[in-house]
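*Asks:* Last residue of the sequence shown: 316 in my numbering, with the numbers rising by one and none dropped. Starting off with a structure, shown below.
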Amino acid sequence: MASTPQPLWDLSLKVLGLTGAIGFLIILVILVSLVISQNASLPRVRRRGTPVHLLVMLGSGGHTAEMLAILENQFDYSVYTYRTYVVSSGDDLSAKKAVEFEEKIAQQNDNEKAADNYTVVTIPRARRVHQSYLTAPFSTLHCFWACLLVLLGRHPDQRPLPAQYPSQHPDIILSNGPAVAVCMVLAAKFIRFFIYCFRWASGRGSKPEISRLRTIYVESWARVRTLSISGRILLPIADKFLVQWQPLAGRRAWWGMKETEYCGWVVL
49 MASTPQPLWD LSLKVLGLTG AIGFLIILVI LVSLVISQNA SLPRVRRRGT PVHLLVMLGS
109 GGHTAEMLAI LENQFDYSVY TYRTYVVSSG DDLSAKKAVE FEEKIAQQND NEKAADNYTV
169 VTIPRARRVH QSYLTAPFST LHCFWACLLV LLGRHPDQRP LPAQYPSQHP DIILSNGPAV
229 AVCMVLAAKF IRFFIYCFRW ASGRGSKPEI SRLRTIYVES WARVRTLSIS GRILLPIADK
289 FLVQWQPLAG RRAWWGMKET EYCGWVVL
């Protein structure tokens, strides 16, 4: 068998070395950017007296019940006046629970126009049960694209927000662990990165006066000593990471990153 010509072998080594160097630089830039992003002071999420658009991630396996309990016990609906609930395809139960929850809020507040205060959006699953790992990257990209559409206010399930909301972007994204939440938080970071780059390139400074697409991750009440898989992935990415058990307080992705914050039981 003929041996590989020396020039071709040298070229292959150079390409491989260049690819490795570029990959290393990209990873280094991402890690440094995450450290800077997590430790930078963010602008306020809204002007005083203005309504807040809250995006809520729901999911099967107890995530929906826990999230709705958090909303019921911890959130003031007179402040978080518009709510977008995001569910995965096939999770009809979570969508139904969201509608029932909003109807309950409407009854408590004698609001006849409750349907104007929320919307339920269905996006593809990042990975279906028993799906091949070979096809999972494609379904994950499909899910990521759907998340971008939701955050830009262009998903088919969405309707235009009321006039008092200055942006189609949600102000806060709240999640407690469903798999699709990883795609949603990454999509929010992706959009914010390009907003900051555009502002910097246009000479307006990279930090906007109002910071939308703020991400809050609440670790599941069932997690007492270890973080969930979604939690471990989002620990270096989420703007605020809350835990409900003291043993999980003070965790960080690596040195220099924000620590998890103990908030007590928010589901009760």
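Each residue gets a CB set at the ideal place from its N, CA and C atoms; glycine is no exception. Bear in mind the structure is a predicted one, so any value in this text is a computation, not a measurement.
(1) For glutamine 294, which residues of its own chain have a beta-carbon under 7 Å away from its beta-carbon, when the five flanking residues on both sides are left out?
(2) Does serine 268 pass the burial test, meaning 16 or more other C-beta atoms within 10 Å, or should it be called exposed?
(3) Considering only residues of the same chain and omitting the five flanking positions on each side of alanine 42, which have a CB-CB separation below 6 Å?
(4) Going straight from the alpha carbon of leucine 196 to that of alanine 236, what length do you get?
(5) Give the secondary structure of lysine 318 by DSSP, where H, G and I count as helix, E and B as strand, and everything else as coil.
(6) Anyone know if the C-beta pair for tyrosine 130 and leucine 199 falls short of 8 Å?
(7) Reducing DSSP to helix, strand and coil, say where arginine 247 ends up.
(8) How many Å lie between arginine 260 and phenylalanine 186 at the Cα?
(9) Identify, in the order they occur along the chain, each residue of the same chain with its Cβ nearer than 6 Å to the Cβ of glycine 279, setting aside the five sequence neighbours on each side.
(10) If alanine 117 sits next to valine 315, beta carbons under 8 Å apart, how far is it from one beta carbon to the other, in whole angstroms?
(11) Locate the beta strand (DSSP E) running through serine 223, then write down its first and last residues.
(12) Which partner residues of serine 136 appear in the DSSP bridge assignment?
(13) Can you check which of these residues, Glu114, Ala184, Thr170, is closest to arginine 176 by C-alpha distance?
(14) When you compare the stretch 216–230 with the stretch 126–145, are there three or more beta-carbon pairs, one atom per stretch, that lie closer than 8 Å?
(15) Determine which residues share a DSSP beta bridge with lysine 288 and list them.
(16) DSSP has arginine 131 in a bridge; who is on the other side?
(17) Mapping the DSSP letters down to three states, classify cysteine 311 as helix, strand or coil.
(18) Counting only the same chain and skipping the five closest in sequence on each side, list residues whose C-beta sits under 7 Å from that of leucine 59.
(19) Roughly how many angstroms separate the alpha carbons of serine 142 and phenylalanine 241, rounded to a whole number?
(20) Please report the Cβ distance between arginine 191 and proline 172, rounded to the nearest whole angstrom; I am assuming they are in contact, meaning their Cβ atoms lie under 8 Å.
*Replies:* Considering the structure as presented:
(1) Its chain contains Tyr310 as the residues whose beta carbon lies nearer than 7 Å to that of glutamine 294, once the 5 sequence neighbours on both sides are disregarded; these appear in chain order.
(2) Its Cβ being crowded by 16 or more others within 10 Å, serine 268 is buried.
(3) Outside the shown range of the chain (49 to 316) lies residue 42, about which nothing can therefore be said.
(4) Straight-line Cα distance between these residues: approximately 8 Å.
(5) Because the chain spans 49 through 316 in this model, residue 318 falls outside it and cannot be assessed.
(6) Their beta carbons are not under 8 Å apart, which means tyrosine 130 does not touch leucine 199 by this criterion.
(7) Helix, per DSSP.
(8) When rounded, the distance between both Cα atoms is 28 Å.
(9) Glu267.
(10) Between valine 315 and alanine 117 the Cβ distance is about 4 Å, and since that is below 8 Å, they are a contact.
(11) Unbroken beta strand (DSSP E) run through serine 223: 220–223.
(12) Under DSSP, serine 136 forms a beta bridge with Ile171.
(13) Measuring from the Cα of arginine 176, the nearest candidate turns out to be Ala184.
(14) As far as the Cβ criterion goes, the stretch 216–230 touches the stretch 126–145, which means the pair count is three or higher.
(15) Per the DSSP secondary-structure output, lysine 288 pairs in a beta bridge with Ile264.
(16) For arginine 131, DSSP records a beta bridge to Leu102, Tyr166.
(17) Note: cysteine 311 maps to coil in three-state DSSP.
(18) A distance below 7 Å between beta-carbons, with the five flanking residues on each side excluded, links leucine 59 to no residue of its chain.
(19) Rounded to whole angstroms, the gap between the alpha carbons of serine 142 and phenylalanine 241 is 31 Å.
(20) Strictly speaking, residue 191 in this sequence is cysteine, with arginine absent from that position. Going by Cβ atoms, the distance from cysteine 191 to proline 172 rounds to 5 Å, so yes, they are a contact pair.
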